[in-house]
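Here's the structure, in structure tokens; my notes come after.
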Amino acid sequence: MTRRFLITLHALSRFIERYEGSGDLPSGQLRPFLRNELKRAVPIGDQAGDGSLYLLPCGCVAVVVWHDANGLVKTILTRAQARHVWTRAA
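The opening residue of the sequence shown carries number 177 in our numbering; numbering runs sequentially from there.
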């Protein structure tokens with residue numbers, strides 16, 4: 177079964193806000209770029225609340241909630257923010 181990421185508008189907005197290289201990308205390439213980052217992401221830590229944390233190659237962290245093979249990307253965090261969420265959930 178193929179995994180599929182569904183990127184919320186909130187997550188895309190946070191990605192633009194928190195990824196320094198987003199200003200170098202044309203607006204039409206932001207979602208495809210983030211989707212490619214998600215495909216290469218590495219799970220980090222344990223589940224935090226109802227979401228799992230994934231370290232993206234660009235250095236940001238995605239919060240993803242899975243249902244079957246669909247991953248709903250709820251938000252994008254910086255590493256510092258993810259560290260805070262992860263330590264608070266432990």
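For glycine and all other residues, C-beta sits at the position ideal for the given N, C-alpha and C.
Thinking just about the alpha-carbon of each residue, which of the options is nearest to the one in residue i?
i: Cys236; options: Arg179, Leu188, Thr178; result: Leu188
i: Tyr230; options: Ala245, Thr254, Phe209; result: Thr254
i: Leu214; options: Ala256, Asp244, Cys234, His186; result: Cys234
Verify whether the separation of the beta carbon atoms of residue i and residue j is less than 7 Å.
i: Ser228; j: Val218; result: no
i: Phe181; j: Gly247; result: yes
i: Ile252; j: Arg194; result: yes
Measure the beta-carbon distance from residue i to residue j and round it to whole angstroms, keeping in mind my assumption that it falls under 8 Å.
i: Lys250; j: Thr184; result: 6 Å
I want to see whether chain B comes within less than 7 Å of residue i, judged by CB atoms only; does it?
i: Tyr230; result: Within the model displayed, chain B is absent; a lone protein chain is all it includes.
Please work out which residues of its chain come closer than 6 Å, Cβ to Cβ, to residue i, disregarding the five sequence neighbours upstream and downstream, and give them in chain order.
i: Asn258; result: Before going further, note that residue 258 is Ala rather than Asn in the sequence given. The answer, listed in chain order, is Leu229, Val237.
i: Ile121; result: Past the boundaries of the shown model lies residue 121; the chain is included only from 177 to 266, so the question cannot be answered.
Specify, as a first and last residue, the run of the alpha helix (DSSP H) that residue i falls within.
i: Ala187; result: 185-194
i: Arg206; result: Reading the sequence as shown, one finds Leu at residue 206 and not Arg. It spans 206-215 - the alpha helix (DSSP H) in which Leu206 sits, taken as one unbroken run.
Below 8 Å CB to CB, which residues in the same chain sit around residue i once its five sequence neighbours on both sides are set aside?
i: Pro202; result: none
i: Arg211; result: Phe181, Ile183
i: Asp226; result: Val241
So the beta strand (DSSP E) residue i belongs to, where does it begin and stop?
i: Leu229; result: 227-231
Within a Cβ cutoff of 7 Å, which residues of the same chain sit near residue i, ignoring the five residues on either side of it in sequence?
i: Val216; result: Residue identity check: residue 216 is Arg in the sequence provided, not Val. Closer than 7 Å at Cβ, skipping near neighbours: Pro233.
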